[in-house]
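Colleague: Numbering (this note's numbering), first residue to last: 48 to 218. The beta-carbon is built from N, C-alpha and C at its ideal position, and this holds for glycine as well. Values in this document were obtained by computation on a predicted structure and should not be read as measured data. Dumping the structure here so I can ask a few things about it.
Encoded structure:
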């Protein structure tokens, strides 16, 4: 199995896009202003047990989809991109795959995702799955909100979640 990477621009800065032979395996918004910081790639390499090779242009399709998405089009990334789920398994994978079915502009609670994913009462586990998602933006974990309708967190950047929800509410 070979892995390659490229960067894709977002309003939050460039994101690291890592691909396997099977599809997009990781899409990370960096916590740093510079997404090429070594620790980000080292983290992915550690998870994959292989060092991805640079591949300029590999993220062109992702970039086109992101441009459409941030331009206000209701893009369902998983309809256009093959996702390689190897970095997450068990209930977390089931929860994230359930989240891919949430439509543009809609939100549901962590508890509702748990029910749809077959584990009523596992709202906290859904929250953990969202936090660990290897697919920022591509799997719309930002559409999962608290039971009282408040947005909740989005890693260390709840303002990004608010931005994405606002974008989709005006699309």
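Assuming residue 170 contacts residue 138 under a Cβ cut-off of 8 angstroms, what Cβ separation, rounded to an integer in Å, is found between them?
Modeller: Indexing the chain shown from 1 puts residue 170 at position 123. Indexing the chain shown from 1 puts residue 138 at position 91. Wrong, their Cβ atoms sit about 12 angstroms apart, outside the cutoff.
Colleague: Does the structure place the segment 99–115 close enough to the segment 50–69 that three or more beta carbon pairs sit under 8 angstroms?
Modeller: Flag = yes, the segment 50–69 and the segment 99–115 touch.
Colleague: Does the beta-carbon of residue 215 have 16 or more other beta-carbons within 10 angstroms, so that it is buried, or is it exposed?
Modeller: Residue mapping note: residue 215 aligns to position 168 of the chain shown, counting from 1. Flag for residue 215 reads buried.
Colleague: Given this structure, state the Cα-to-Cα distance separating residue 92 from residue 181, to the nearest angstrom.
Modeller: The count along the chain shown starts at 1 and reaches residue 92 at position 45. The count along the chain shown starts at 1 and reaches residue 181 at position 134. So the alpha carbons of these two residues sit roughly 13 angstroms apart.
Colleague: Is the beta carbon of residue 155 closer than 8 angstroms to that of residue 186?
Modeller: Within the chain shown, the letter at position 139 stands for residue 186. Within the chain shown, the letter at position 108 stands for residue 155. Taking 8 angstroms as the Cβ cut-off, residue 186 and residue 155 do not qualify as a contacting pair.
Colleague: I need the DSSP call for residue 93, collapsed to helix, strand or coil.
Modeller: Position 46 of the chain shown, counting from 1, holds the residue named residue 93. Helix, per DSSP.
Colleague: Could you check where the alpha helix (DSSP H) with residue 172 kicks off and where it finishes?
Modeller: Residue mapping note: residue 172 aligns to position 125 of the chain shown, counting from 1. Taken as a continuous stretch (DSSP letters only), the alpha helix (DSSP H) holding residue 172 covers 170–179.
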